[in-house]
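Report on the following structure.
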Amino acid sequence: MALIKGKVSKIQRLFAEKIKAKKRKFYRPPAVRQRWDEEQEELENTWGELFFDLIFVAVAFKVGDLIVADFELGKYDRGLLFAYSTFVILYDAWQDRTLFLSRFVTDDSFHKLLDIISGFVTAVMAFSIVTPEEFLSMGEGRFNYALMLSSGKIIQLTIDMFKMWEFRYFSNHREQGITLKQHVTPTMSVTFRNYYIAASLITVAIYTSYIGYIRTTCFLWLASSIVPRQITFLAVLYWRNYQRSIRAKRADTEEERDRINSEGSGVPINVQFFIDRLYEFVMLLNGEGVLQVIILPITFGYATTHLVSFVLAFIILSLIQFIQFEIMPAKAEDSVVRRSRWRAPIMFFFWPIFCLSIIYVGISLKLVLKNHYKLDKAEYAKNSWLLCSSLAFAFMLLIFTSMLNLGPYELVFNEHFSGEKKSSDRNWRQIRSQCGIPNNVAVKRIAVYLVLFLSPLSLLTLPPLKLSGEFLLGSCVGILLVIAALTEIHVRSIRRIPDETDSQGEEVNYVLEDKSEYDKDDINRMFDVWRDRAEDLVNNFNNVDENRCKIQQANALYNETETLKEMLNVISENVKTLLPVNLTESASEDMEDQLDTDETFAGKTEGGTVVAVTPEFELDNEI
């Protein structure tokens, strides 16, 4: 009933917003996509999101050029650092836009104009990316390069801050039931703004200075553009969560505790839309890697080995995509964004690094494919190291993110929670005793996850062997196939099936499908569950048998009434022949009255003959 009321209120709210939109076509404040008590609807990407994603194809290509240009000069540290710092600066624009779209709805010309401006600024920032060697040769022109990046960052920051400010002061968030007490606090807004501007100003100062050592410049740019924002974000968010958790524990009632917990994010995120966008972005970057190996010209004289290397490189990129979609949760209920407000910021921190590692994989495959017949030489050994290290780092981050989605309790004890609020008051020993899992089984599961997490490090054993391109790529494919098999075992071991309480709307107790790691207590507990189900089925069959007996009795009674009806007809005929007409008519009337009052069946006369109306038994309904 509450769900129906929520849908009705949502329809009324959307209808009212459409009426307001007709009155104000150019500008309309943003509206929330859903409330906390509403069911989140499935969203699809619009042309605006798809067009904005295409800009990041060029961003990934330009970032890859930084690495390729530096490696061709015999260096590697400058290009990697330039690519890392530049990509994260541009990635913030995509992430901020995605978070805004997962919370708010804008359908007016003004916000479409803001989106076009934001996309144009991002494109200009990507256009201004130059290689380290070109940057060093600019001289005083480095100021224009740094100013272009810094100005674009400040413009994007201004647009994001304006959107949050207009929602706070111009939209009807009070009518929508949205609490902004913790969502857009002045402290957090000022913190983000100051650190963004400070990072941009430091970047300008660094690139206008005459620092001869480029490595120092890279590290300073890295610190000014990435570290302050991310560390400040984590520190402020964890401090807010800690304060809110203390207030929630001191709450007197359950309603007040839920209200305090919901203040952490006054505007709910459409989690399914957000995680779909994250996966699509990684798929986009992986597709850029496919583009890198496709557009590479064939090396004449080595066409066969080049073709074999290309096939192996394509298999590597396909395995990356397969393992990502296999190990990452597809439903919002299993994502860390919904399940834990403590682990979600960690995922936000490492996700751009994982995205950049995918770019590194694509670029390293391009370099290996280009120099596949020269990898055994010492000057090209760094190409093999880049490929193996980027693959290992990408898969380690991917498995680590999957562990964040599971959480410590389900990771070790396989106990599922719809959030960590229910498990916050219990320690590990209580949960282990409740699940009946001994210490050796818990340690075994932890060891399995550690093996899965550390298995990509085996890729680092390949570069010292000085293999050629096709053998190096073939070895990488073999190791990735083993990782894919371990991932499949890992996914099957954590897959859950709900018991019968799920259909009744109660709390779901999950039973594992994989029986390889069950101990005696697990088997006994599962046996009890299935025994209860069997008893329910037996009771249902018994009820069917009872209903069948009742139906047979009803049919026997019906046959008896048919026989009695025939006897009454015979008696009535005999009475007509023996008695006078007037007495026969009176007797027939008396018999009709008697039959009308009978509870078994009602009769009527047609031409002096009693005709019984037989009852009809609906056998299917009785069953």
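Residue 603, in our numbering, is where the sequence shown stops; the numbers in between run on with no holes.
Beta carbons are placed, not taken as given, at the ideal position from N, Cα and C, and that holds for glycine.
Would you mind sorting residue 189 into buried or exposed? The rule is 16 or more other CB atoms within 10 Å of its CB. Low confidence applies to residue 189: its pLDDT is 48, below 50, so where it sits in the model is not reliable, and the reading given next is rough at best. By the neighbour-count rule (16 or more Cβ atoms within 10 Å), residue 189 is not buried but exposed.
Which term fits residue 57, buried or exposed, when burial requires 16 or more other beta carbons within 10 angstroms of its beta carbon? With fewer than 16 other Cβ atoms within 10 Å, it is exposed.
Determine the extent of the alpha helix (DSSP H) in which residue 436 is found, giving its start and end residues. DSSP places residue 436 outside any alpha helix (DSSP H), giving it a letter other than H or E.
Taking the alpha-carbon positions, what's the residue 212 to residue 356 distance? Low confidence applies to residue 212: its pLDDT is 47, below 50, so where it sits in the model is not reliable, and the reading given next is rough at best. Going by C-alpha positions, residue 212 is about 45 Å away from residue 356.
Which class does residue 12 belong to by DSSP, given the choice of helix, strand or coil? Strand, per DSSP.
Enumerate in chain order the residues of its own chain whose CB-to-CB distance from residue 79 is below 8 Å, with the five nearest sequence positions on each side excluded. Taken in chain order, the residues that qualify are 249 and 254.
Buried versus exposed, by CB contacts within 10 Å (16 or more), residue 27: Counting other Cβ atoms within 10 Å of its Cβ, residue 27 stays below 16 and is therefore classed as exposed.
Determine the DSSP secondary structure at residue 84, reduced to helix, strand or coil. Residue 84 falls in the strand class under three-state DSSP.
Measuring straight from C-alpha to C-alpha, what distance separates residue 401 and residue 18? Here the model assigns residue 401 a pLDDT of 38, short of 50, so the residue's position is not dependable, and the following value carries that caveat. Approximately 20 Å between the Cα atoms of the pair.
Under three-state DSSP, which class holds residue 472? The answer is helix: DSSP assigns residue 472 an H, G or I state.
Alpha helix (DSSP H) segment containing residue 29, residue limits: Segment 27 to 52, the alpha helix (DSSP H) holding residue 29.
To the nearest whole angstrom, what separates the beta carbons of residue 379 and residue 269, a pair I think is in contact under 8 Å? So it is not a contact: roughly 20 Å between Cβ atoms.
Are residue 449 and residue 351 touching if we call contact CB-CB under 9 Å? Yes, Cβ-Cβ distance for residue 449 and residue 351 is below 9 Å.
Which one of 25, 96 and 271 has the shortest CA to CA distance from residue 606? Here the chain comprises residues numbered -19 to 603, so residue 606 is not present and cannot be evaluated.
Using only the alpha-carbon positions, how far apart do residue 45 and residue 111 sit? So the alpha carbons of these two residues sit roughly 7 Å apart.
Tell me the residue span of the alpha helix (DSSP H) that contains residue 350. Segment 324 to 350, the alpha helix (DSSP H) holding residue 350.
Suppose you measure from the CA of residue 381 to the CA of residue 327; what does that come to, to the nearest Å? The straight-line gap from Cα to Cα measures roughly 6 Å.
Any idea what DSSP makes of residue 295, helix, strand or coil? Correct three-state label for residue 295: helix.
What is the C-beta distance between residue 442 and residue 364, in whole angstroms, given that I count them as a contact (C-beta under 8 Å)? Their Cβ separation, rounded to whole angstroms, is 7 Å, which keeps residue 442 and residue 364 in contact under 8 Å.
Return the residue from the list 433, 41 and 30 that minimises the CA-CA distance to residue 341. Measuring from the Cα of residue 341, the nearest candidate turns out to be 41.
Thinking C-alpha only, which one of 69, 6, 135 and 128 is nearest residue 92? When the alpha-carbon of residue 92 is set against those of 69, 6, 135 and 128, the nearest one is in 6.
For residue 308, three-class secondary structure by DSSP: Per DSSP, reduced to three states, the secondary structure at residue 308 is coil, with no helix or strand assignment.
Sufficient close CB pairs (3 or more, under 8 Å) joining the region 95 to 103 to the region 126 to 137: Counting Cβ pairs under 8 Å, three or more are found: they touch.
Helix, strand or coil for residue 250, going by three-state DSSP, please let me know. Residue state for residue 250 is assigned as coil, using DSSP reduced to three classes.
Quick check on DSSP: helix, strand or coil for residue 359? Residue state, collapsed to three classes: helix.
How many Å lie between residue 436 and residue 369 at the Cα? C-alpha separation (whole angstroms): 9 Å.
Taking its Cβ as the centre, do 16 or more other Cβ atoms sit within 10 Å of residue 73, making it buried, or is it exposed? With 16 or more Cβ atoms within 10 Å of its Cβ, residue 73 is classed as buried.
So for residue 449, helix, strand or coil by DSSP? Three-state result, residue 449: helix.
Residues near residue 47 by beta carbon distance below 6 Å, same chain, minus five either side: Residues of the same chain with a CB within less than 6 Å of the CB of residue 47, apart from the 5 flanking positions on each side, are 59, 63 and 343 in chain order.
Local conformation of residue 319 per DSSP, three classes: When secondary structure is reduced to three states using DSSP, residue 319 falls in the helix class.
Check each candidate in 108, 456, 85 and 55 and name the one with the smallest Cα separation from residue 69. The candidate whose alpha carbon is nearest that of residue 69 is 108.
Whole-angstrom Cβ separation of residue 428 and residue 385, contact assumed at under 8 Å? The pair is not a contact, with the Cβ atoms about 17 Å apart (cut-off 8 Å).
Restricting to Cα atoms, I'd like to know which of 32, 284 and 336 is closest to residue 265. Ranking 32, 284 and 336 by Cα distance to residue 265 puts 336 first.
Residue 232, enclosing alpha helix (DSSP H) - first and last residue: For residue 232, no alpha helix (DSSP H) run applies, since DSSP gives it neither H nor E.
Quick check on residue 358: buried or exposed, where buried means 16 or more other Cβ atoms within 10 Å of its Cβ? It is exposed - the Cβ of residue 358 has fewer than 16 other Cβ atoms within 10 Å.
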